Amino acid sequence: MRALAFLVALWSGAAAAHAVHHHIAATSAVSVALTYADGSPFAYEKYELYPDGKDMPVQVGNTDAAGHVVFLPGETKQWRLKAFSSDGHGVDLRFEPPAVQGNTAAAESGPNRTTLALLGLGLILAAFGSYQLFLNRRQTK
32 MRALAFLVAL WSGAAAAHAV HHHIAATSAV SVALTYADGS PFAYEKYELY
82 PDGKDMPVQV GNTDAAGHVV FLPGETKQWR LKAFSSDGHG VDLRFEPPAV
132 QGNTAAAESG PNRTTLALLG LGLILAAFGS YQLFLNRRQT K
């Protein structure tokens with residue numbers, strides 16, 4: 032029984048390492064729409080987003096199907112967006128996003144790790160308590 036408890040305790044840390052949590056929130060993001068000169072969207076093209084005065088981008092990726100780049104500006108006031116396509120089209124844009132109106136947080140993906148640990152500990156204690164009650168009743172008969 033002790034060996035089983037030891038193995039469960041040993042493996043419990045490895046199981047939590049595989050968890051991926053998510054958080055969904057309705058926030059005030061900045062959306063930059065990029066189009067070609069003919070009005071068609073600058074779709075699925077590479078971009079890099081830099082805060083003012085920095086040489087390393089904080090966000091890189093591809094524009095979406097409508098040519099949008101979406102990001103959360105945080106406290107940074109000035110931004111630089113470099114977007115480019117393989118055929119030579121592109122833009123190097125410096126801009127200040129409009130003021131954002133705050134955000135509304137939504138629910139987390141589920142119970143946090145502390146809650147799950149306490150639940151697990153409670154279940155283990157309940158199981159051992161039930162087992163002890165079973166043994167005590169059996170011995171008194």
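Using my numbering, count along the sequence shown one by one with no gaps and you end on 172.
Positions of the beta carbon are idealized from the N, C-alpha and C atoms, including for glycine.
Keep in mind that this is a model prediction, so the values were computed, not measured.
Check, Outcome
"Between Thr107 and Pro88, how many whole angstroms is the CB-CB distance? I'm expecting something under 8 Å.", "That belief does not hold up - the Cβ atoms of Thr107 and Pro88 are roughly 13 Å apart, past 8 Å."
"Would you report the Cα separation of Ala74 and Gly92, rounded to the nearest angstrom?", "12 Å"
"Three or more C-beta pairs closer than 8 Å, one from the stretch 147 to 161 and one from the stretch 112 to 121: is that the case here?", "no"
"Look up Ala157 in the DSSP assignment and say whether it is helix, strand or coil.", "helix"
"Express the C-alpha separation of Gln109 and Glu127 in angstroms, rounding to a whole number.", "5 Å"
"Do you know offhand how far Asp118's Cα is from Phe102's?", "25 Å"
"Can you tell me whether Gly70 is buried or exposed, with buried defined as 16 or more other CB within 10 angstroms of its CB?", "exposed"
"Pick helix, strand or coil for Asn93, following the three-state DSSP scheme.", "strand"
"In angstroms, rounded to a whole number, what distance separates the CA positions of Ala130 and Ala34?", "60 Å"
"Consult DSSP for Ala57 and reduce its assignment to one of helix, strand or coil.", "strand"
"Just mark Val122 as buried or exposed, buried being the case when its beta carbon has 16 or more other beta carbons within 10 Å.", "exposed"
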